[in-house]
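Accompanying notes for the structure given below.
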Amino acid sequence: MDIVPEITRRSITRLINDGKRSDGRAFDERRDIFIEPNVIEKAEGSARVKLGDTQVIVGVKPTIGEPFCDTPNLGVLMTNCELLPMAAPGFEPGPPSPESIELARVVDRGIRESELVDLEKLCIEEGKKVWMLFIDLHVIDYDGNLFDASNLAVMAALMNTKLPVAEYVDDEVVLSENETMDLPVRDKLALSTFVKIGNGLVLDPSLEEEEILDARITIGVTDEGNHICSMQKGGEAPLTRDEILDAVHMAFTTKDDLLSYLD
Amino acid sequence: MDIVPEITRRSITRLINDGKRSDGRAFDERRDIFIEPNVIEKAEGSARVKLGDTQVIVGVKPTIGEPFCDTPNLGVLMTNCELLPMAAPGFEPGPPSPESIELARVVDRGIRESELVDLEKLCIEEGKKVWMLFIDLHVIDYDGNLFDASNLAVMAALMNTKLPVAEYVDDEVVLSENETMDLPVRDKLALSTFVKIGNGLVLDPSLEEEEILDARITIGVTDEGNHICSMQKGGEAPLTRDEILDAVHMAFTTKDDLLSYLD
Amino acid sequence: MDIVPEITRRSITRLINDGKRSDGRAFDERRDIFIEPNVIEKAEGSARVKLGDTQVIVGVKPTIGEPFCDTPNLGVLMTNCELLPMAAPGFEPGPPSPESIELARVVDRGIRESELVDLEKLCIEEGKKVWMLFIDLHVIDYDGNLFDASNLAVMAALMNTKLPVAEYVDDEVVLSENETMDLPVRDKLALSTFVKIGNGLVLDPSLEEEEILDARITIGVTDEGNHICSMQKGGEAPLTRDEILDAVHMAFTTKDDLLSYLD
Amino acid sequence: MSNDKELRADGRAYDELRPIKIEAGVLKRADGSAYLEVGGNKILASVYGPRESYIRRLLKPNTGVIRVRYNMAPFSVDDRKRPGPDRRSTEISKIAADALRPALMLESFPRSMVDVSIEIIEAEGGTRCAGITAAAVALADAGIPMKDIVVGCAAGKVNDQIVVDLSEKEDKEGQADVPIAIMPRTGEITLLQADGNLTEEEFEEALDLAIEGCKKISELQHEALKARYSSE
Amino acid sequence: MSNDKELRADGRAYDELRPIKIEAGVLKRADGSAYLEVGGNKILASVYGPRESYIRRLLKPNTGVIRVRYNMAPFSVDDRKRPGPDRRSTEISKIAADALRPALMLESFPRSMVDVSIEIIEAEGGTRCAGITAAAVALADAGIPMKDIVVGCAAGKVNDQIVVDLSEKEDKEGQADVPIAIMPRTGEITLLQADGNLTEEEFEEALDLAIEGCKKISELQHEALKARYSSE
Amino acid sequence: MSNDKELRADGRAYDELRPIKIEAGVLKRADGSAYLEVGGNKILASVYGPRESYIRRLLKPNTGVIRVRYNMAPFSVDDRKRPGPDRRSTEISKIAADALRPALMLESFPRSMVDVSIEIIEAEGGTRCAGITAAAVALADAGIPMKDIVVGCAAGKVNDQIVVDLSEKEDKEGQADVPIAIMPRTGEITLLQADGNLTEEEFEEALDLAIEGCKKISELQHEALKARYSSE
């Protein structure tokens, strides 16, 4: 990514060591959140999310396919992510970068491991036909913390996704023309990313903070389940056991506030 | 492409501003045209075309496949173009360049929009099986104006394409071993490319002219229909409304002469 | 590949012109051979081979598929080769290099042309289902002569490959859960690679010898059949007719010793 | 001839554009950006540059160059589109660069590149013209020196009538489509394609109608830029 | 709570590792290498460097960099894997580099690259941790300056019990998996992932169990390196 | 043994070549070119260079290098071939470069590249040998310094008989195929492959027959070049 002047690094770090952030936020305070659901009429589910100035659009498109052999009665979710060249000066067109793959897979693991979509209800005919959902993540403005912004946008898009009612008749799937069903979303996931800078662990890093991070940790916690369901460390510095446990604890305490934006 | 000495650019432009071309042709005069049909025995249709020193070989290969959902009773045409490394010093092997894709798509649109092939006659069994034709354009020597040379070669190849007679019996396609049918070609397309250099608009640009062009315009006109069916502007300079209308008019007036080579 | 100091080239060449090799071997002497069969429990056949310090692992994985149209009663073999980045400083990750493709194809041609696997016995139901075998060659340490090492590993892996007994019942393939059959291997192939350095032709080139080779020749000879079944010349220098016939002769005379390692 | 034209399927007159909304400066990171809605189309355009590029072979010693990437989001169309460039988007990227280039004054930026992204968030007919229109606003927002703000619009033939700004439905069922882009000050044409079936006269009529459409849209571009400057 | 834990399906206690074998220096060409078996996993790791690289954009002016390639052999799993990187291996390569980096002292090797290959010859659960463990031994074998030898191990939840070092079967049927890597001298954590379903308390238990597992494996790494040095 | 050989399916004697036609200098842009027909094969070869190349890693400091691209047109075979290189054409490109290289004197062109294209317009058995033969003529036409003009020809076993220059049908139904290329002045062999089933004696017979075939074709190469020079 971009090279940050050493002086910026020092001043941000000094502030954090003094218990302050350069934009005045508390360590466990997120930036402003704005969620616009149903932004794409041609998508069965969609949302645009602004987290500070980071912007992500998510569209959900269903298709009908065959289930995997080992899960004949479950629908399928596929998460794909595009770090668009418009989102940052360093994002190049071309095959997905490791960063983009990591983002897609962390978001995907959150949805999958939390079991928040009831995949059994996406089965049309066991062993024959199931709904397959493409969840496409379009990052249009990168101003820090793509993980949390993307997860919020995916949550919002899944919650407004509607599928046509499908029936399996004479070896073929017949779709209802006017009846739809809501996507069976039975839980919500709060994804919280912290970065370690100096001696501090701060929630929802801004771009400035991400550019100088020592280590990063992302924690997924379910709303109903109240469980940890995913976690991902990043960055070239280590974290201590206690820093990790602190981050986990903050992920639980800040969860309700975050998820209130989805109501 | 190649860099042209400024002096060449000036001398060609000066000539054109004086109403002359460096090779002595009139503004609306094409280079010599030579068409050799049926050059590939293993192809169901083929032709080699020389337009000046530009050379293109086209082969047509049919295969049987399923029609598209929204056109269950129509055959399918696919046009592909290879700017072979042998054709010019700057043509590199590898995935198709934007130039090669533009060429294939302009030629393809001409065939498609003119509806010169009766696609309904390429239907073997509605919704089940249709003929799919691969039209492969092989550019072997690039000396200017690939658009018109390629279109001529495609016309000639389509006009000599023969398909085995196909029948649909018991859910399978049976091909006759000796009976063939001519590809149902019901019209011809004249594709005319002009370039603007200085104040002039000249037909069938040579390589020298293409290398210094300000703007390019390609116009497709049908023979029977006598309609405009495709158009493509190129180049980094604009064209005025009147220049475009002039080019269109010349495309109509020079059409018969061009198509006479296909008889 | 690597650049070899001119002085090394001269000293190796001088030795060979004097009838000696830098590691003391005779011209028709191979390095130590070590074969460990069945190294991968999850593969249906496998082997690790060390030829000197060159190391190759081969795994055989079967799948069930449709036969080719022109051979409806034959199983299918597919040979793939990975020159792993760990095997040599110059091996880069990415799409297969020409060297890797040549290696895979030479090994593949040996197996195929010798007809050592009875492909008819890999047919489950004619025209419907056959066994398809992926033979994956994993080069992990490159110290010269990948051809012969790879072929030995493939031979050893094929000879210990076991397939579940398959039956075709009601349009479906049913696999036995405990009964297996040995892969029908009815011959063995000895692959012998020689390089020409100076005036000499030496068997089983070490890395040092390969790096300065003038020409290379690989010869495949069948054990039972006692026939030449494949041959491949490489390198930028020519070979004389007599050098080739000498190499062929040596391939026959050293065959039994080589194949004894497979017993 | 155009006096007694019938209303179209969506109730528009033959020379009536779909509702348009243009906003400049919608992204933080990009040097310039614009958002455009026309009919059901939703389009974002961004500009980075002039800047260095590691793709040296694209640069020119005597001028800056423009590179355009037209891309459709997977969810922008009824059947999900596979991510990444296809042949259609490669062609549109190329002609969009040609369409925007004549207005740019990049001579003072040798060996540099201007990167334009046109992102189709939702598609409903006429995305290439709308994309060029949005990109021109983003270029202005980025402060790239320009002699004019390029603007695009299509005309075509539907039910034997020449009409402006075809909707997706009209494009699919219509007889011809002529997308163009112009530099409105001089009226010069920087993009021109045609497909379908037009007589020489019909083509002239379509061309003039598209030029008129461009001029109307041009006003909205300027308003959007004015709103952007006044908000700063 | 962990006093009355049941034995696991394969007979191990909750805090018992699978049998492990580590060997250093197993390849001739590589600058450093290691072979590791744990349970049914068979893993090779190699190191080249620090060396120049023609991929200039990856290099840094003030330090050496590490590049990791995690790869599964086509024959390493039940259903043949297509050769070449997939999304999973790309992610693991990235986090494995992050996991190994903190221990390396590459400041004296600016503009150079250390290339690590982790090759999964046979996979039976926990390949990323085992691969990192093997790679750290290969790095030491290559003589790369390091402040510690990173070591990886997972813990997880199976049948509502927190257990260490999940087998393939446990991973598939279990309720959670927490792979980590640490620098054993300080106990600092350089890799951490989690998936499944854990309460805050269960997570803490798993984390501590995985740290214990790492420390046991660390001893075997040192023995392998001692054996390598003494054999030279 | 070869005295009482039978005529072949297409009426040729065991040592009879298919009809051949060679023409030099058939393309305008290429520095050198050739067209060759043998049996049903139609082949174009072109040469550019010696010239600079942006693919620096292929260049050598002390000599020029040759790069060969063997390619089959999609329409050259019965079932359309997908465009672009496949494994077979990659291998043939590599060995064709090795086959042509020994005759070239590129020492005076360090850091430069000679690019050879072999384009199979129509294929009917023996394209690699015919392609090398055509490429050698194109290299001469381009004025590349050479000590000899390489020429290729195959021999093989069909119906238990050793025969020269197999047709497509013979290649498919035959028992062995031995394509070679030689430098005719010295008789040295620059390309050699074999597949099928041959005794040591049969191989020797095939090798000698292929060498004889090469020598006959060599004369036609020289005639084509003479015709080219005299026409200039």
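Protein chains in written order, with numbering that gives the first Met the number 0: chain A, 0 to 262; chain B, 0 to 262; chain C, 0 to 262; chain D, 0 to 231; chain E, 0 to 231; chain F, 0 to 231.
We put the CB at the ideal spot given by N, CA and C, even for glycine.
Could you pull the start and end residues of the alpha helix (DSSP H) that residue i belongs to?
i	result
P97/A	P97 to S113
N40/D	No alpha helix (DSSP H) contains N40/D, which is instead part of the beta strand (DSSP E) from N40 to R50.
L165/F	L165/F -> no alpha helix (DSSP H), and no H or E assigned at all.
What does residue i reach in chain F if we use C-beta pairs closer than 9 Å?
i	result
Y260/B	Under the 9 Å cutoff, chain F gives no residues; its nearest Cβ is about 20 Å from Y260/B.
K232/C	I94, D97, A98, I179, I188, T189, L190, L191 and Q192
Listing by chain order, which chain E residues have their CB less than 7 Å from the CB of residue i?
i	result
D52/C	K27
S96/C	Result: empty, since nearest Cβ-Cβ is about 13 Å, beyond 7 Å.
D245/C	The contacting residues do not exist; D245/C stays about 31 Å from chain E at best.
Since residue i sits in a beta bridge, which residues does DSSP pair it with?
i	result
H137/A	I56/A and E81/A
N70/D	E118/D
Y34/E	E22/E and L43/E
S247/C	The residue you asked about is not Ser; residue 247/C is Val in the sequence shown. DSSP output for V247/C lists no bridge partner at all.
G219/C	L190/C and S229/C
Along the chain, where does the beta strand (DSSP E) containing residue i start, and where does it finish?
i	result
Q192/F	E187 to L197
G89/B	Counting along the chain, G89/B falls outside any beta strand (DSSP E), and DSSP gives it neither H nor E.
C152/F	V150 to V157
Listing by chain order, which chain A residues have their CB less than 7 Å from the CB of residue i?
i	result
L43/D	M85 and I139
D140/D	Residues of chain A passing the Cβ test: none, with the nearest at roughly 13 Å.
E203/E	L244
Below 9 Å on C-beta distance, what does residue i contact in chain B?
i	result
N196/D	E112, S113, E114, T221, G224, H226, I227 and C228
Taking buried to mean at least 16 other C-beta atoms within 10 Å of its own C-beta, is residue i buried or exposed?
i	result
C68/A	exposed
T62/A	exposed
S191/B	buried
S264/A	Not covered by the structure: residue 264/A. The range shown for chain A is 0 to 262.
M0/E	In this prediction, M0/E scores a pLDDT of 42, lower than 50, which makes its location untrustworthy; the coordinate-derived value is nonetheless stated afterwards. Burial call: exposed.
Y228/F	exposed
A8/F	exposed
Any Cβ of chain B within less than 7 Å of the Cβ of residue i?
i	result
G74/F	Reading off the sequence shown, one finds Phe at residue 74/F, where the question assumed Gly. For F74/F, the answer is yes, since a Cβ of chain B falls inside 7 Å of its Cβ.
Mind pulling the chain C residues with CB within less than 7 Å of residue i?
i	result
T89/F	P97 and I100
M182/F	P237
Taking 7 Å as the CB-CB cut-off, is residue i touching chain C?
i	result
R285/F	Any question about residue 285/F goes unanswered here, given that chain F covers just 0 to 231.
P49/F	no
P101/F	yes
M0/E	Per-residue confidence for M0/E stands at a pLDDT of 42, beneath the threshold of 50, marking its modelled position as unreliable; the derived number appears in the next sentence. So, not an interface residue.
Starting from the beta carbon of residue i, find every residue of chain F whose beta carbon is closer than 8 Å, and list them in chain order.
i	result
K161/B	Within 8 Å Cβ-Cβ: nothing; K161/B doesn't reach chain F, min ~14 Å.
G58/B	A72, P73, F74 and S75
Using a Cβ cut-off of 7 Å, pull out every chain B residue sitting near residue i, in sequence order please.
i	result
R86/D	I100 and R104
For chain D, check one thing: does any of its Cβ atoms lie closer than 7 Å to the Cβ of residue i?
i	result
I34/A	no
R185/B	no
I want to verify the contact list: residues of chain D whose CB lies under 9 Å from the CB of residue i, in sequence order.
i	result
D135/A	A72, P73, F74, R79 and P82
Examine chain F for any beta-carbon lying closer than 7 Å to the beta-carbon of residue i, and answer yes or no.
i	result
A236/C	yes
What residues of chain A sit near residue i, judged by a beta carbon separation below 8 Å?
i	result
D240/D	In the structure displayed, chain D extends from 0 to 231; residue 240/D sits before or after that span and is not available.
Do we get a CB-CB distance below 7 Å when we pair residue i with the residues of chain E?
i	result
R108/A	yes
P71/C	no
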